[in-house]
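Counting in the numbering used here, the sequence shown runs from 1355 upward without gaps. What follows is a single structure, written as structure tokens, with notes after it.
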Amino acid sequence: MLPSSSDVVVVGAGNAAFCAALAAAEQGVSVLVLERAPEDESGGNSRFTAGAIRCVYDGVEDLKVLMPDLSDEEINNTDFGNYTEEKFFDDMGRVTEYRTDPDLCELLVTRSKETVRWMQSKGIRFAPIYGRQAFKVDGKFKFWGGLTVEAWGGGPGLVAGLTSAASKAGVKIAYEARALSLIANDDGVKGVRVRHSGHTVDVAAKCVVLAAGGFQANAEWRTRYLGPGWDLAKIRGTRFNTGDGIRMALDIGAMPTGNWSGCHAVGWDRNAPEFGDLAVGDNFQKHSYPFSIMLNANGERFVDEGADFRNYTYAKYGRVILMQPGQFAWQIFDQKTVHLQRDEYRIKQVTKVRADTIEELVRKLDDVNAEKALETIKTYNAAVNTGVPFNPNIKDGRGTVGLAIPKSNWANTIDKGPFEAYAVTCGVTFTFGGLKIDPDARVLDTDRNIIPGLHAAGELVGGIFYFNYPGGTGLMAGSVFGKIAGTSAGRRAAQMP
1355 MLPSSSDVVV VGAGNAAFCA ALAAAEQGVS VLVLERAPED ESGGNSRFTA GAIRCVYDGV
1415 EDLKVLMPDL SDEEINNTDF GNYTEEKFFD DMGRVTEYRT DPDLCELLVT RSKETVRWMQ
1475 SKGIRFAPIY GRQAFKVDGK FKFWGGLTVE AWGGGPGLVA GLTSAASKAG VKIAYEARAL
1535 SLIANDDGVK GVRVRHSGHT VDVAAKCVVL AAGGFQANAE WRTRYLGPGW DLAKIRGTRF
1595 NTGDGIRMAL DIGAMPTGNW SGCHAVGWDR NAPEFGDLAV GDNFQKHSYP FSIMLNANGE
1655 RFVDEGADFR NYTYAKYGRV ILMQPGQFAW QIFDQKTVHL QRDEYRIKQV TKVRADTIEE
1715 LVRKLDDVNA EKALETIKTY NAAVNTGVPF NPNIKDGRGT VGLAIPKSNW ANTIDKGPFE
1775 AYAVTCGVTF TFGGLKIDPD ARVLDTDRNI IPGLHAAGEL VGGIFYFNYP GGTGLMAGSV
1835 FGKIAGTSAG RRAAQMP
């Protein structure tokens, strides 16, 4: 049975929601988490991630505090570098084309280090992202792209750790409890109407934190806001993120803000299911494309695969793939770079072809103009500047010369068989448009006034990401603003009679 009231009600049960619940519980108030999904599908998009979390660290000493399991051997064999606040600000500005909300961005960056340490104090464990963010050069691993830390056990491990921490803190969790609407009057939000076990009930609350994800699993909203064709995209994560939290807030006058026509969209296996599969997790993604060339149905290249590190292009290239004929592309590799492929290329559910010659390979590419594909590969090979050394750990400047669509870095000729190709389409992770919040994560109305008792965190907050996003920032934003929202809601509830 659902309790009839709770000091703070959190809608959602992913990373942002649990950070809010834990922070609210620290204020000595009762906390109830409402999770729409059944327990075996719970955790929102967080459970589908690899657990990468982008945070500030000034050197290996910071990492040793965060990851006490880090061995002397790992430290001696690894160049962890650093990721300063200045670098984080630069990345956020550059990839969002300087549209990110400056106040929210400042909180995200400056509180990232303290927030992951706070999570660690709650029992969440972290590890370095070997294998996905570090290549070995001259016998030593070197991290690149500012992304070094992941949750132990990936997304499932993160959700399990947060769930355990919440239970220890006395937070009540209700599964298959779908929030339908907010109960509100002129004095603000007073509770949530919930559908639970076939019955609609009202749960009174002093404060509500919305952390129920974006609207990416809602095909109608995707088409309405992202545009024509987005109903054809696949969804990387949970089927339950249909925009309920956003809709409930808009219904009581909340202000929509941010990049409503934008989303985090990546290259995703062409034959992946419509929604995410927890047994596969995020392994349908195909993120080693900087070391490949990509061809569309016309047999043509259509994007600069080496424009930047994968971390800074993967979240926008899904959109580019969706806009190609048939909404797909093929990634082409030869033996010079196959060893650099991430683990996701080796799952059994992969859409892959292999051939000893280029001529044979292009004939195996389903739905592709083979003759044009062969011509494109030959033209590309002739344009590669092989005089520049190849180095996967830096933007090496090894590019092409004279092509209409250049490859700016990591350009290698496709000439050493056997050759491999992987079919990808667009996979949507989360949408960028959402609710307007203030620096205390309180939701604002369309007059920019605070809606008393309503707070928000996670994917349904707008204004942070525009056009693109630096890898690992979604979980970090969820954690930072979840903690802020929970603290803010908990304090308000504690002060109310």
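We put the beta carbon where it would ideally sit given N, CA and C, even for glycine.
Bounding residues of the beta strand (DSSP E) (the contiguous stretch that carries residue i)
i	result
I1537	1531-1539
A1558	1553-1564
P1331	Look at the range of the chain in this structure, 1355 to 1851, and you will see that residue 1331 is not part of it.
I1647	1647-1649
L1388	1385-1389
Proximity below 9 Å, CB of residue i to CB of residue j
i	j	result
I1606	I1805	yes
Y1820	N1539	no
A1566	A1533	yes
A1811	I1838	yes
L1719	L1676	no
L1461	F1835	yes
V1365	L1580	no
S1642	R1673	no
L1814	G1788	yes
I1527	F1569	no
A1379	G1524	yes
K1588	A1626	yes
T1779	R1576	no
L1715	V1704	no
V1657	I1759	yes
S1358	S1384	no
Those residues which DSSP pairs with residue i across a bridge
i	result
Y1411	Y1437
C1617	T1785
P1482	V1503
T1754	V1738
D1799	A1608
K1706	Y1776
I1527	V1387
K1588	G1781
R1549	R1532, T1554
V1815	L1789
Q1639	W1622
Simplified DSSP state of residue i, which is helix, strand or coil
i	result
K1490	strand
Q1685	strand
L1829	helix
F1542	Here residue 1542 is Gly; the residue named in the question, Phe, does not match the sequence. Reduced to three states, the DSSP call for G1542 is strand.
T1432	strand
D1361	strand
R1845	helix
K1837	helix
F1569	coil
W1622	strand
V1722	coil
R1593	coil
R1453	coil
F1402	helix
F1443	helix
K1467	helix
7 Å Cβ shell around residue i - same chain, five flanking residues per side excluded
i	result
A1573	D1585
W1764	P1644, F1645, G1660, F1744, P1746, D1750, R1752
V1449	Y1666, N1822, Y1823, P1824
N1652	P1679, N1723, K1726
N1436	Y1411, D1412, G1413
K1487	A small fix is needed here, since residue 1487 is Gln in this sequence, not Lys. Taken in chain order, the residues that qualify are F1497, W1498, G1499, L1501, T1502.
R1547	L1534, S1535, I1537, T1554, D1556
A1683	M1648, L1649, N1650, I1675, V1778
K1898	The question about residue 1898 has no answer, for the chain in this structure spans 1355 to 1851.
L1728	I1712, E1713, V1716
Contacting residues, own chain, Cβ-Cβ under 6 Å from residue i (five flanking each side not counted)
i	result
T1783	R1590, H1618
F1372	L1516, A1520
Q1381	G1844, R1845, A1848
D1794	S1842
K1670	N1822
F1638	W1622, D1623, A1626
T1754	A1737, V1738, P1760, K1761, A1765
Contact set for residue i: own chain, Cβ-Cβ below 8 Å, skip 5 residues either direction
i	result
K1874	Lying before the first or after the last residue shown, residue 1874 is absent from the chain, which here runs from 1355 to 1851.
G1542	I1805, P1806, G1807, L1808
T1592	A1391, E1395, G1397, G1398, N1399, R1401, F1402, G1567, A1571, F1629, G1630
I1748	W1498
Start and end residues, alpha helix (DSSP H) containing residue i
i	result
P1510	1508-1522
F1372	1369-1379
P1456	1456-1464
V1674	1668-1676
V1692	Looking at the DSSP string, V1692 is not in any alpha helix (DSSP H), and its letter there is neither H nor E.
Q1761	The sequence given here places Lys at residue 1761; Gln does not occur at that position. Where K1761 is concerned, there is no enclosing alpha helix (DSSP H), given that its DSSP letter is neither H nor E.
K1718	1712-1718
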